[in-house]
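Numbering of the sequence shown is given in the working numbering, commencing with residue 1 and proceeding in unit increments.
The beta carbon of each residue, even a glycine, is placed where N, CA and C say it ideally should be.
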Amino acid sequence: MTTEFTSSEMMSITAARALRSDMTCFVGIGLPSEAANLARLTHAPDITLIYESGTLQTAPDVLPLSIGDGELCSSALTTVSVPEMFRYWLQGGHISVGFLGTAQIDRYANLNTTLIGDYRNPKVRLPGGGGAPEIATNAREVFITVKHSKRTFVKDVDFITTVGFGRDGKARDNVPNIGRGPTVVITDLCILRPDEQTKELVVTSLHPGVTREQVIEATGWEIRFADQLDTTPAPTEQELMVLRELKARTEAHHAGN
Numbered sequence: 001m002t003t004e005f006t007s008s009e010m011m012s013i014t015a016a017r018a019l020r021s022d023m024t025c026f027v028g029i030g031l032p033s034e035a036a037n038l039a040r041l042t043h044a045p046d047i048t049l050i051y052e053s054g055t056l057q058t059a060p061d062v063l064p065l066s067i068g069d070g071e072l073c074s075s076a077l078t079t080v081s082v083p084e085m086f087r088y089w090l091q092g093g094h095i096s097v098g099f100l101g102t103a104q105i106d107r108y109a110n111l112n113t114t115l116i117g118d119y120r121n122p123k124v125r126l127p128g129g130g131g132a133p134e135i136a137t138n139a140r141e142v143f144i145t146v147k148h149s150k151r152t153f154v155k156d157v158d159f160i161t162t163v164g165f166g167r168d169g170k171a172r173d174n175v176p177n178i179g180r181g182p183t184v185v186i187t188d189l190c191i192l193r194p195d196e197q198t199k200e201l202v203v204t205s206l207h208p209g210v211t212r213e214q215v216i217e218a219t220g221w222e223i224r225f226a227d228q229l230d231t232t233p234a235p236t237e238q239e240l241m242v243l244r245e246l247k248a249r250t251e252a253h254h255a256g257n
């Protein structure tokens, strides 16, 4: 008997599986936070989660609404100043993976969380970069998780808030002292990885029940598929149970119940 699951659950669980217990992970709010804490509660209990507000080795019982959520500080091993977080932990090379979300992503894994439209007359202003540009520069590698749609997956982002591989795929070439950049993008439809030569994102695995046509339809450029295209393993009952309990606790907590 196959346990039923949603595409959002598939995305969060697949993203969680990318993390390991031996990692120190700089966590973004939203989908990355959900995936990182799911990993901590399942197969990666010893993972060190760090948030931008300065909380080290935090283990929240519910998902935070923002980096300023008290749950992060009260459950952390310790809390340091934001300058120390960035200067020592991040720029000092102590972060193995940065886990980010985004409003727009393009074929070279550049991220836009600044604005939609023309810079001088934008249609929408977004929250901005926060710590993402520094995380993507200094973490040894970057994981990205985001829902798949043509609005999000565009050929060229309107504004590069956070550099993936630049407009031509070469932004990280021969630049010392920066990380490898994005190594995996996990969506509710598939897993994408940068091509070794061009750095353009390529679909390497389709989630169960997802077709190539669905991915093509949801992507704003002519997406490529790997020659050896895998099928992502379905969520286990244990993974689904832990994720659903985490989300239920979070909803009840933030509703004041």
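- Note on I144: 16 or more other CB atoms within 10 angstroms of its CB, so buried under the neighbour-count rule.
- Take the alpha-carbon of A44 and the one of Y51: they are about 17 Å apart.
- By alpha-carbon distance to G93, the top candidate from T114, A139, M241 and K123 is A139.
- Judged by pairs of C-beta atoms under 8 Å, the segment 166 to 176 does not touch the segment 119 to 131, as fewer than three such pairs exist.
- Annotation for L77: no alpha helix (DSSP H) segment contains it, and DSSP assigns it neither H nor E.
- If you draw a 10 Å sphere on the C-beta of P233, you find fewer than 16 other C-beta atoms in it, and that means exposed.
- Contact between the segment 185 to 202 and the segment 210 to 217 is established, with three or more Cβ pairs separated by less than 8 Å.
- Rounded to the nearest whole angstrom, the C-alpha separation of P208 and A15 is 15 Å.
- Pairing G68 with D230, the inter-Cα distance amounts to about 39 Å.
- Within a 10 Å sphere around the beta-carbon of E196 sit fewer than 16 other beta-carbons, which makes this residue exposed.
- Under the DSSP assignment, I191 falls in the beta strand (DSSP E) whose first and last residues are C190 to P194.
- Nearest Cα to R249 within the set D61, L240 and I178: D61.
- Looking at G130, P235, A252 and K170, the one whose alpha-carbon comes closest to that of S8 is P235.
- Membership of I13 in the alpha helix (DSSP H) is indicated by the continuous run S7 to R17.
- Each residue's CA atom was taken as its position, placing N112 and T161 some 5 Å apart.
- Taking 8 Å as the cut-off, the Cβ atoms of K147 and G220 do not count as close.
- In terms of Cα proximity to R180, the closest of E71, S81 and I95 is I95.
- The criterion of a C-beta distance shorter than 8 Å is not satisfied by N37 and L65.
- For secondary structure counted as the beta strand (DSSP E) over 3 or more consecutive residues, the segment 181 to 234 holds these complete runs in sequence order: 182 to 186, 190 to 194, 201 to 206 and 224 to 231.
- Shortest Cα-Cα distance from I186 to any of F165, A18 and T3 involves A18.
- Looking at the DSSP output, E141 bridges to V97.
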